[in-house]
Amino acid sequence: MRRYRNIPRYEAPAEPPTGKVVPIRQAAQILGVNTSTVHRWLNDGFIAGEQVTPGAPWQIRITDELRARFVEQAPPGYLAMLETTLKLGVSRQTVLQRVKRGELEALLVTRGRRKGLRIKVVDTQPGLFHE
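Just so you know, we're using my numbering here: the sequence shown kicks off at 193 and counts up by one.
Okay, here's the thing in structure tokens:
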């Protein structure tokens with residue numbers, strides 16, 4: 193079947209990564225969110241997922257770094273999404289793309305009235321019409 197469909201076989205990494213690999217449903221339970229939220233975060237690039245082969249179910253590696261992205265209070269320098277878009281002069285989608293590419297750092301605030309993503313914005317971040 194793999195040969196017929198040209199599906200590549202699994203190749204183990206040279207150095208095994210740290211953390212426990214869990215399916216999306218279990219990751220959602222660990223992180224205290226819904227499975228649809230985990231899927232959205234995968235799509236937005238807020239968290240990274242793994243597939244053993246293309247088309248296989250997504251799995252999430254639960255590491256200390258991933259757990260550190262979920263905080264009760266945002267540290268100084270992190271702005272809400274609306275404030276980030278206004279400061280950078282770009283759309284929400286552009287901010288999320290920059291998070292996905294690793295150009296911006298993001299946290300998720302889990303407590304308080306203003307729950308949600310917080311983005312670390314440095315004054316040297318390029319805006320929409322940056323030259």
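Ideal Cβ positions, reconstructed from N, Cα and C, are used throughout, including at glycine.
Which of the three DSSP states, helix, strand or coil, is assigned to residue i?
| i | result |
| --- | --- |
| tyrosine 196 | helix |
| valine 314 | coil |
| isoleucine 252 | strand |
| glutamate 242 | strand |
| valine 287 | helix |
Name the residue from the options whose alpha carbon lies nearest to the alpha carbon of residue i.
| i | options | result |
| --- | --- | --- |
| leucine 299 | Gln243, Val263, Thr255, Val225 | Val263 |
| arginine 284 | Ala219, Gly308, Leu274 | Leu274 |
| valine 282 | Arg253, Arg305, Val313, Ile254 | Val313 |
| glutamate 297 | Ile311, Pro249, Ile199 | Ile311 |
| glycine 237 | Ala248, Gly247, Ile252 | Ile252 |
Name the DSSP bridge partner or partners of residue i?
| i | result |
| --- | --- |
| phenylalanine 262 | Leu300 |
| lysine 307 | Looking at the DSSP assignment, lysine 307 forms no beta bridge with any residue, so it has no partner. |
Sufficient close CB pairs (3 or more, under 8 angstroms) joining the region 253–263 to the region 210–223: yes
The region 204–216 in contact with the region 240–250 per 3-pair CB rule at 8 angstroms: yes
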